[in-house]
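Asks: Mind looking over this structure? Questions follow.
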DNA sequence: GTGAAAGCGCTAACAC
DNA sequence: GTGTTAGCGCTTTCAC
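Chains as they are written, first to last, in the working numbering: chain A, 1 to 332; chain B, 1 to 332.
Right, here's the structure in full:
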């Protein structure tokens, strides 16, 4: 409501003196400062962020865009990014894009309109429109996925988790436990993550000279009901199976349900490993062995790299993180 | 990067004309408009939001503050609020306060600093400091909980869900199914929600002239392990039980686990009802009968009421929503 | 119909 | 050390 000028008028000091007193920059007599603080308090003064931003070209604000607030995969990543950004006196604004390109472009336009100092984009759609917009805007952006078409002068980097390696961990673990017939439940061929994971699976098979059988690679659409139905259909075919790798913890729930209905015990009759290591992995019965995709440090690294870019370090530097396997009851 | 003045310089028109052309307000020759649009595009012009806000005192931005992004209870509420706000051309900025008063005050200071047009506060701490700040700021705020100390000229309203009624639904359902000994797993006495729910439970008992037995009201801390341990301890006491009301879906998971370990079948040996009707209720085995706390419409109503306040309708109007029971396998 | 100019609130440069 | 001033980019009022 009130501005620096109002305080100046009330106290008789110049606006500059008032500004100096309030910002603690430059010298100001203690007595003067006291008077000004008191006036500010009686006038209920608050600095106006827009004026400050207009002047400084700095917002101290970061936009964190995720495709879906309900997906537990993102939680710890959000926390990791928030921690780093808040420690550096940035505000974190979380926005859900629902995988709609229109909303993604809207977020990018906020970056262009100086609404924020930078943007972190997670599971972003790498279509020409989006990438073109990022390049045109030319302001700090970090992606949370691997992007292969990157150019040297692009205004963005990416931080990503190695899905190939993660899948090798999962498959090796089951083979080490003695599994002979391992089913891979994953996403569709179009999905980059699924392709990478399938590659990891095939590598693990190859290293042990095990045969590649397409019957053991099934699309489960990354959710409980998709996995439930896919696994039911798989069991109907009567193919032997003593190990399952689920696309994520939710998909593992579908497998568990199907097993229960078919009288199969986990891990007695078959061992189960899933991905993401979310809270779901902790509360199921049995608890789930799950590949931790280091979401928290993913968030931290995204934030750190973005801050570097904002500080002017614009040389491309992409970061790869290595997942780890967390063993629990489902694969004992 | 470029401003209206840059376009004016390039095209030779006055800045006013350029502004008119770009905003589509007031008349502008089609030919002129075309030239200006082209210049804007070659200069890669973007309006500056801060300048606009500074001038208009309007941000078209709403802050949605929740205590914890990981809690599935809030998901559908966030979606409901976002839908309404986006339909009305507002941007939704989600912020997590982690139940820390310092962060809550920080969010309120953003409201004061004209960073946004209004704030929705969910599960807000009603301490004097916070309520005092809201009153001092005097700008639009909506609370997502019932607040009893409200004054007539307060700058906020609340929208809340009737927990007493919700608990009556849950208890009546179990009694209707023939349960005789129903255990209530809830939160601590200090928690307003827990107190209201306990009241609903006692009312349901009273209506059927059933005795109040404190042994059947147990604190489970609203999470899986808390409920697991509390229910284990309860079973050890050997008290008869054929129905359980869990504080939320996560707590129900703890009960399910304990039942499995004790060889109790759900719903065969005991029926189970929980609260919140989140995705967790859908993916467990058995699926959970759960009281839907109408999170989506809660979000919608919060947003609608806030928009009313922003439009100048500042008369206090609080809203109460009635939950519904969703029946699933756990209480069949 | 078009243009000049003031001002939103803040900050930094430069006088004094 | 303190004060004056210009300007960030936009919008609105008021002349012409």
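Even glycine gets a Cβ: it sits at the ideal position worked out from N, Cα and C. Keep in mind it's a predicted model, so treat the numbers as computed, not measured.
Residue 30 of chain A: buried (16+ other C-beta within 10 angstroms of its C-beta) or exposed?
Replies: exposed
Asks: Since residue 96 of chain B and residue 41 of chain A are thought to touch, with beta carbons under 8 Å apart, how far apart are those beta carbons, to the nearest angstrom?
Replies: The Cβ separation is near 30 Å, so there is no contact.
Asks: Alpha carbon to alpha carbon, how far is residue 205 of chain B from residue 212 of chain B?
Replies: 7 Å
Asks: Among B/75, B/43, B/118, B/302, which residue has its Cα nearest to the Cα of residue 84 of chain B?
Replies: B/302
Asks: Beta-carbon within less than 6 Å of residue 4 of chain B's beta-carbon, same chain only, minus the 5 sequence neighbours each way: which residues are those?
Replies: 15, 18, 19
Asks: Give the interface partners of residue 224 of chain A over in chain B, defined as CB-CB distance under 8 Å, in chain order.
Replies: Counting only Cβ-Cβ distances below 8 Å, residue 224 of chain A has contacts in chain B at 282, 283, in chain order.
Asks: Under three-state DSSP, which class holds residue 243 of chain A?
Replies: strand
Asks: Which of the three DSSP states is assigned to residue 319 of chain A in this structure?
Replies: When secondary structure is reduced to three states using DSSP, residue 319 of chain A falls in the strand class.
Asks: Spatial neighbours of residue 297 of chain B within its chain, please: CB distance less than 7 Å, with the 5 preceding and 5 following residues excluded, ordered by chain position.
Replies: 80, 321
Asks: Give the residues of chain A in contact with residue 25 of chain B, contact being defined as C-beta atoms less than 7 Å apart.
Replies: Under the 7 Å cutoff, chain A gives no residues; its nearest Cβ is about 19 Å from residue 25 of chain B.
Asks: Thinking residue 170 of chain A and residue 273 of chain A are a contact (beta carbons under 8 Å), I'd like their distance in whole angstroms, please.
Replies: 5 Å
Asks: Specify, as a first and last residue, the run of the beta strand (DSSP E) that residue 54 of chain B falls within.
Replies: From DSSP, residue 54 of chain B is part of no beta strand (DSSP E) but of the alpha helix (DSSP H) over 49-56.
Asks: Kindly confirm or deny that the segment 243-250 of chain A and the segment 308-315 of chain B touch, where touching means at least three C-beta pairs closer than 8 Å.
Replies: Contact between the segment 243-250 of chain A and the segment 308-315 of chain B is absent, because fewer than three Cβ pairs lie under 8 Å.
Asks: So is residue 72 of chain B buried or exposed if we call it buried at 16+ other beta carbons inside 10 Å?
Replies: buried
Asks: Would you check if the distance between the CB atom of residue 260 of chain B and the CB atom of residue 228 of chain B is smaller than 7 Å?
Replies: no
Asks: For the segment 62-77 of chain B and the segment 55-75 of chain A, state whether three or more C-beta atom pairs, one from each stretch, are separated by less than 8 Å.
Replies: The segment 62-77 of chain B is in contact with the segment 55-75 of chain A.
Asks: If we cut at 7 Å on Cβ distances, does residue 54 of chain A have a partner in chain B?
Replies: Yes, residue 54 of chain A lies at the interface with chain B (some Cβ there is under 7 Å from its Cβ).
Asks: Mind reading off the beta-carbon distance from residue 330 of chain A to residue 288 of chain A? Whole number of angstroms is fine, and I expect it under 8 Å.
Replies: 5 Å
Asks: DSSP three-state label for residue 271 of chain A, please.
Replies: strand
Asks: Starting from residue 75 of chain B, find everything on chain A with Cβ-Cβ shorter than 7 Å and list it in chain order.
Replies: 69, 70
Asks: Closer than 7 Å, CB to CB, is residue 46 of chain B near chain A or not?
Replies: The Cβ of residue 46 of chain B sits closer than 7 Å to at least one Cβ of chain A.
Asks: Where does residue 160 of chain A fall in DSSP's three states?
Replies: When secondary structure is reduced to three states using DSSP, residue 160 of chain A falls in the strand class.
Asks: The alpha helix (DSSP H) spanning residue 335 of chain A covers which residue range?
Replies: Chain A is shown only over 1 to 332; residue 335 of chain A falls outside these bounds and no answer can be derived.
Asks: Tell me where the beta strand (DSSP E) around residue 93 of chain B begins and ends.
Replies: 91-96
Asks: Of the residues A/267, A/209, A/2, A/255, which one's Cα is nearest the Cα of residue 218 of chain A?
Replies: For the residues A/267, A/209, A/2, A/255, the minimum Cα distance to residue 218 of chain A belongs to A/255.
Asks: Under a Cβ-count criterion, where at least 16 other Cβ atoms within 10 Å of its own Cβ denotes burial, should residue 305 of chain B be classed as buried or exposed?
Replies: buried
Asks: Relative to chain B, which residues along the segment 223-257 of chain A have a C-beta separation below 8 Å, given in chain order?
Replies: Listed in sequence order: 224, 250, 253, 254, 256, 257.
Asks: In the DSSP assignment, what residue or residues form a beta bridge with residue 186 of chain A?
Replies: A/219
Asks: Is residue 4 of chain B helix, strand or coil by DSSP?
Replies: helix
Asks: Taking just the CA atoms, how far does residue 62 of chain A sit from residue 34 of chain A?
Replies: Each residue's alpha carbon lies about 35 Å from the other.
Asks: With 7 Å as the threshold, decide whether the Cβ of residue 29 of chain B is near any Cβ in chain A.
Replies: no
Asks: Thinking C-alpha only, which one of A/127, A/88, A/91, A/27 is nearest residue 104 of chain A?
Replies: A/127
Asks: Within the continuous beta strand (DSSP E) that includes residue 326 of chain B, where are the two ends?
Replies: 324-326
Asks: Hey, how far is the Cα of residue 124 of chain A from the Cα of residue 51 of chain A?
Replies: Those two C-alpha atoms are separated by around 32 Å.
Asks: Check each candidate in B/291, B/182, B/7, B/328 and name the one with the smallest Cα separation from residue 163 of chain B.
Replies: B/291
Asks: Output yes or no for whether 7 Å exceeds the beta carbon distance between residue 147 of chain A and residue 158 of chain A.
Replies: Contact flag set, yes.
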